[in-house]
Amino acid sequence: MRKKVPNLMVALVVPLLASCSLFGGSDSSSDSSAASSVSSSVSSSTDSGSASSSSSENVEAVTIEAYYPFSASVFTKYLGEGNEYASFTVYPQYIEGNRMQITSNNGGTQVVTVLELADGELREVFTRPETYFRENMLEKTASGDAANQLDILLKEPLEVGNSWVNASGVPSEITNLTAQIETPMGNFEALEVTTTYEASTTKDYYVKDMGLVKRVTDLGDDMVVSSSLEARNEDVPETQQLRVFYPDSELMGLNATSIALSYTTNDITRTILAEALKNVPDAPGGSLIGPNVSINSLSLSDDGRVYVDFSQEFVSEMNAGTSAESLILQGVVNTIGEYYGVQEVYLTVAGNPYESGHILMAEGAYFTVDYTEVNE
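Residue numbers -24 to -1, 1 to 352, in mature numbering (1 follows the signal peptide of the UniProt record, and there is no 0), belong to the letters of the sequence shown in order.
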């Protein structure tokens, strides 16, 4: 069950998650693959030590990329103190051009954030809380009130005294280039950014070739919340659990099983899901859809529905009677709908409404997630 977080805790923790990304494609309606221009990651999760810079390096003109690399398939873990939601993990889901999408999870909520590096600034351009599915959102840009909640993480020139005002009106400033920082993963020399809120102060610490290594928020009255780098694992996937619904052996209802999904940066969700539906060990025959079926497009629309288009083999390889076909369809709809957390799924085949020898859907008609036939 997805855990809900009290509003006060969300207000405290979500900004921390959204701005902590070290890293970060396409599952839009076309679901095209992302560009491959991704910088190589550095530093092993087991490495620890002191990262230092000479005084001559400090006066060199250093770019944001040095302190905030867009590294693929790097799983990062932070250890928190002072708040139950201060510990969290970060994973880069998509990187394309000058944008990166990361997902952050603190055990209470999962947030997707899109970052953009442009004009000497690294800034948040879009964020979506409570996002437990994976979809490419790199092309999204927040507007209105949502945009006013986004921050600039770093701004060139990277020198002490450089300051800026975030969209919310909160000021940030580079206050140190050689701060000595301790973390569970080691000791580092870091660039310090101080953000001053009305009732609190936050200090973010960035290290060359690594990104954010620590965040400390002073809430006043001796209340301090911190998140420190604990592990940085390279070349590892993001994992999820997919609940798959499939017809039981008597064709009397639906059973459910859990399948592990594994994504690296820029992997395409529709491809991963299609392979999962073809490999359901507990299902009769070991699958829910045919071996040659592909998903042409898959996306969550602003109308709250998931739109999924299957290849023609979805129908031609089904080879089922009316009862079995209805259960297969309901199983697919339940699986996709639950993954995205929606109730309605608009399912088409080769761009047309679903049609077979037994079932014909009208243009615009959608399927509904329904658990009444699921076996207990």
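Glycine residues also receive a C-beta, built at the ideal position from the N, C-alpha and C atoms.
Note that this is a predicted model, so its numbers are computed, not measured.
(request) Answer with buried or exposed for residue 360, where buried requires no fewer than 16 other C-beta atoms within 10 angstroms of its C-beta. (result) Given a span of -24 to 352 for the chain in the structure shown, any question on residue 360 remains unanswerable.
(message) Less than 6 Å between C-beta atoms, sequence neighbours within five positions excluded: which residues of the same chain meet that for T154?
(response) E165
(request) Let me know if S30 comes out buried or exposed under the rule of 16 or more other beta-carbons within 10 Å of its beta-carbon. (result) Low local confidence applies: a pLDDT of 39 at S30 is under 50, so the model's placement there is unreliable, and no value is given.
(message) Rounded to whole angstroms, what is the Cα-Cα separation between L98 and N328?
(response) 42 Å
(request) Please confirm whether V256 and G262 have their CB atoms less than 9 Å apart. (result) yes
(message) I need the straight-line Cα distance from E158 to S203, nearest angstrom please.
(response) 11 Å
(request) Using only alpha-carbon positions, find the residue among S148, V318, I244 and E214 that is nearest to T65. (result) E214
(request) Rank L129, F102 and E60 by C-alpha distance to the C-alpha of A123 and give the top, closest one. (result) F102
(request) For residue 360, count neighbouring C-beta atoms within 10 Å of its own C-beta (all shown protein chains included) and say buried if the count is 16 or more, exposed if not. (result) Residue 360 cannot be examined here, being either before or after the span of the chain that is shown, -24 to 352.
(message) For L(-3) and T247, I'd like the C-alpha separation in whole angstroms.
(response) Only weak support is given to the placement of L(-3): the predicted model assigns it a pLDDT of 41, under 50, and the question is left unresolved by the model.
(message) L188 and M161 - do their beta-carbons sit closer together than 9 Å?
(response) no
(request) Leaving out five residues on either side along the sequence, give the residues of the same chain with a beta carbon under 7 Å from the beta carbon of E92. (result) N74, R75, R99 and V101
(message) What does the Cβ neighbour count give for M113, buried or exposed, with the cut at 16 atoms within 10 Å?
(response) buried
(message) Comparing C-alpha positions only, which one of G96, V212 and Y61 sits nearest to L129?
(response) G96
(message) Given this structure, state the Cα-to-Cα distance separating A236 from Q217, to the nearest angstrom.
(response) 5 Å
(request) Rounded to whole angstroms, what's the CA-CA distance from S299 to M228? Just pull it up for me. (result) 8 Å
(request) Count the CB pairs spanning the stretch 286 to 297 and the stretch 78 to 85 that are closer than 8 Å, and state whether there are at least three. (result) no
(request) Could you give the DSSP three-state label for K116: helix, strand or coil? (result) coil
(request) Please determine, among Y108, Y70 and Q77, the residue with the shortest C-alpha to C-alpha distance to Q86. (result) Y108
(request) Closer than 7 Å by C-beta to A259: which residues in its own chain qualify, once you throw out the five before and the five after it? Chain order, please. (result) Y222
(message) Can you tell me where the alpha helix (DSSP H) holding Y342 begins and where it ends?
(response) Segment: none, Y342 is in no alpha helix (DSSP H) and carries neither H nor E.
(message) Taking 8 Å as the limit between beta carbons, can you name the residues of its chain near E293, skipping five residues before and five after?
(response) I265, G266, P267, N268 and V269
(request) Using three-state DSSP, classify P329 as helix, strand or coil. (result) strand
(request) Inspect the beta-carbon positions of S176 and T151 and report whether they are closer than 9 Å. (result) no
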